[in-house]
Structures are given as C-alpha cells and as structure tokens.
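The next block holds one structure in the form of structure tokens; read it before the comments.
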Amino acid sequence: MVAGSFTVGIITASDKGSRGEREDTSSQVIREVISRIGGQVEAYAIVPDERELLKEKLVEFSDTLCLDLVLTTGGTGFAPRDVTPEATRDVVERLVPGLAEAMRLESLKHTPQAMLSRAVAGIRGKTLIVNLPGSPKGVRECLEAILPALPHGIAILKGEAGECAREANR
444 MVAGSFTVGI ITASDKGSRG EREDTSSQVI REVISRIGGQ VEAYAIVPDE
494 RELLKEKLVE FSDTLCLDLV LTTGGTGFAP RDVTPEATRD VVERLVPGLA
544 EAMRLESLKH TPQAMLSRAV AGIRGKTLIV NLPGSPKGVR ECLEAILPAL
594 PHGIAILKGE AGECAREANR
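If you want my numbering, it's the 1-based position in the sequence shown plus 443.
Right, here's the structure in full:
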C-alpha cells in the first residue's frame, strides 16, 4: 500500500494532555497506522483546547514546515472546549467533506455516537488537514477508513499525480 513517502504532522488537542495529566496514546496510533502508507512524522505538538493555539499550530505545520498531511486528534465532540473543527475551518482554503463523511460512516458501524462527530478535513496550500477523534479506537477506525485515498490525494496536492486515478488506462 505504500505509494511514496510524505511528511506528516500530528497535533493533539487536549487540555489534560498539554498539562501532562494524560498520556497521548492517540498520537501513537496515528504514527503506527500512517507509517503503513509511507507517512513520515516530522512534527508533533500537544496543545490545550484553545482555538487560537490550534490555528497557530495548523498554520505553522502547513505554511512554515510545509508538511504534506496534518492530522489532529481530539476536540471534535460536543464539549464546550471542543474547538478543533472551528480552528481547522478558520485556516483551510477548501473543505474535503468526503474524508469526514467516510470516517463517520465507518465509525457508525461501531457506535451510534459517531454521528455526533464534528470532524472536518480541508486543504491549506499544499497541505491536507484531517481531524480525527480523541480516542485511540476512534483514531484507528477513522484513519483506516480514509487510508486508501490519502496517498493519491497527497500526490495530487504535491503535483505528483493527476486528478484521475485511471489516467494510466487511457
């Protein structure tokens, strides 16, 4: 399944994690799963559930570090401090609703609460940003649901592939 290497950043949104009160096991799952398709984690941050701080990290990872893919974990639920989707929408230029739809569809096979996810995905420049849930189980389910499409989408953003996966057949 490895289509080529690409750079990855992980941002964990967690008040307790940012204070060292909770181990960030979700980012470990991201590292393991994303490595299967050639993802090289080059940046990691754990920040409190603060919209402005999340926006700053998303912009840094996209614009300064020029990462190909930024995966967030946490902050996608209904709690008042869950602001990851808002921060993501603030910084992306184009939404990619199919990724979030696919993740919710897969998660619904496991729990009806999946329909409560507010996760979004979008593009900033040449960086794809995807919100994942905060639980390791949810991260694995959602990331594995979109894994097959990520290498091609990233290759298109990097200018390494055409829009249609069937171009070679023409």
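For glycine and all other residues, C-beta sits at the position ideal for the given N, C-alpha and C.
In the DSSP assignment, R547 falls within the unbroken alpha helix (DSSP H) covering 540 to 551.
In chain order, K459 place their CB closer than 6 Å to the CB of R465, counting only its own chain and leaving out the 5 sequence neighbours on each side. Each residue's CA atom was taken as its position, placing G565 and A545 some 14 Å apart. Collapsing the DSSP output to three states places G565 in a strand. Note on F521: under 16 other CB atoms within 10 angstroms of its CB, so exposed under the neighbour-count rule. Excluding five sequence positions before and after R474, the CB atoms of its chain that fall closer than 6 Å to its own CB belong to V484, given in chain order. Taking T527 as reference, the option from I599, D492, Q556, L548 with the minimal CA-CA separation is D492. Beta bridge pairing from DSSP links I589 with no other residue. Taking a 10 Å sphere around the C-beta of G541, we find fewer than 16 other C-beta atoms and assign the residue as exposed. Residues of the same chain with a CB within less than 7 Å of the CB of A588, apart from the 5 flanking positions on each side, are A545, M546, E549 in chain order. For T516, DSSP records a beta bridge to T455, L575.
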